[in-house]
Every structure is written in structure tokens, then in C-alpha cells.
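Inspection log for the structure reproduced underneath, given as C-alpha cells.
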Amino acid sequence: MPERNTGGEGAAGARRRRSSSILQVYHEPPETLEQISDQASLPNLNANWTNAKGAWTIHLVLILAAKIIFDAIPGVSQETSWTLTNMSYMFGSYIMFHHVRGVPFDFNSGAFDNLNMWEQIDNGAQYTPTKKFLLSVPIALFLVSTHYTHYDLTYFTINLLAVLGVVIPKLPFSHRMRFGLFSGIPEE
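To convert a position in the sequence shown, counted from 1, into my numbering, add 524.
Take a look at the structure:
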């Protein structure tokens, strides 16, 4: 009678791989000495602009422009306009600072390939003036949009979820933390 494979030791002596969970949470491993050396060799043009003159002002200009655009749409109330402005800024901020990893330039030998922009700003140091500003903008926009939506529960919930989706990845406990849906932990 043939033996059944029950998931234990197989013919090759290897275990059958378990199916991956829906959500994988893991931390990026720290950089090797070679990666640290490559990161320090040249300035990181991908993240250094956040410390440049006028970099903070552009956030306020983009928020104001989004508000004007949403106000110009016929039939959109002030409450909806503020919520759309809030959500647009939060979505763009999340994509730019937390979702996209790596550098669009190839001058650091891939030293930043596993880091998102937030982790590249100020070489990963926490609570620098730039990071404090970038953390305070979503919170301030949330407070303003909550005020101008007259504390309506539906708008408040939408705005709160949007701000939490952007603020939580900026906090120190989320540094180098990754979430993967329907995927395993990358092997490198």
C-alpha cells in the first residue's frame, strides 16, 4: 500500500511549505556595512529636497490648490470639499512618502532600494524639524477639515481614517515595518 504524504517529511526530506497568510507584517533588516557606506558616499537627492528652501511651503500650496479645485466643482458642498481635500492630500502623501520604495536615480548602487522616502529623510533620524513638520501637516489638515465639516460623524470618520492611514506609518514604531497582502516575506 503506498504511503500518504501528510505534510511531514517528504521524499526529499523537506517540509511542505505552509500557505501564506492574508496579511504579512515584518521589519526590513538593518543595512549592511556596504549599504551604509554606499548611502554615505553621495547625497540622497530623493530625500534631500525636503530640507530645501520652499519645500515646506509646497505642501500648503498643494492643499490650497486642491481646496480651490474642489470648490470649483458645481454641487460640491463645503463639507465634501474639505473632506476631498483632506483625502487627496493624505492619499498623495501616503503614496509619496510610504508606499514607493527606492530611489529613481542610480548613483548609490541600490543602497536605498529597500527604504521608502520617509525612512530616507534625514538619514532615518526621528523627530527632526522636517519630519515634525511633515507629521503636523496631516494632523492640522484633519483638524481644519473636521472643524469645517461641522463635526459631522460621517465626515469625521472618513477624515479620521485618512489621517490615521498617514500618521501611523510616520511614527517611530513603524520605522522599517512592512505590510504585505497575499504575499510572503521577501527573501533577500
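For every residue, glycine included, the Cβ atom is placed at its ideal position computed from N, Cα and C.
Beta-carbon proximity list for threonine 652, same chain, < 7 Å, skipping 5 on both sides: Answer for threonine 652: Asp646, listed in chain order.
In the DSSP assignment, find the alpha helix (DSSP H) that holds methionine 614 and state where it starts and stops. 602–618
Tell me the residue span of the alpha helix (DSSP H) that contains proline 644. One point to set straight first is that residue 644 is glutamine, not proline, in the sequence displayed. Where glutamine 644 is concerned, the enclosing alpha helix (DSSP H) stretches over 641–644.
Indicate whether at least one CB of chain D lies closer than 8 Å to the CB of methionine 641. Of the protein chains in the structure, only one exists, and it is not chain D.
Which listed residue (Met641, Phe631, Gly634) has its alpha carbon closest to that of valine 624: Met641
CA-CA distance, arginine 528 and arginine 702? Here the model assigns arginine 528 a pLDDT of 49, short of 50, so the residue's position is not dependable, and the following value carries that caveat. For arginine 528 and arginine 702, the distance between alpha carbons rounds to 38 Å.
Grab me the residues of glycine 532's own chain with a C-beta within less than 6 Å of its C-beta, minus the 5 sequence neighbours each way, in chain order. Reliability of the predicted coordinates at glycine 532 is poor, the pLDDT of 48 falling under 50, and no value is obtained from them.
Continuous alpha helix (DSSP H) stretch holding asparagine 570: start and end: 569–572
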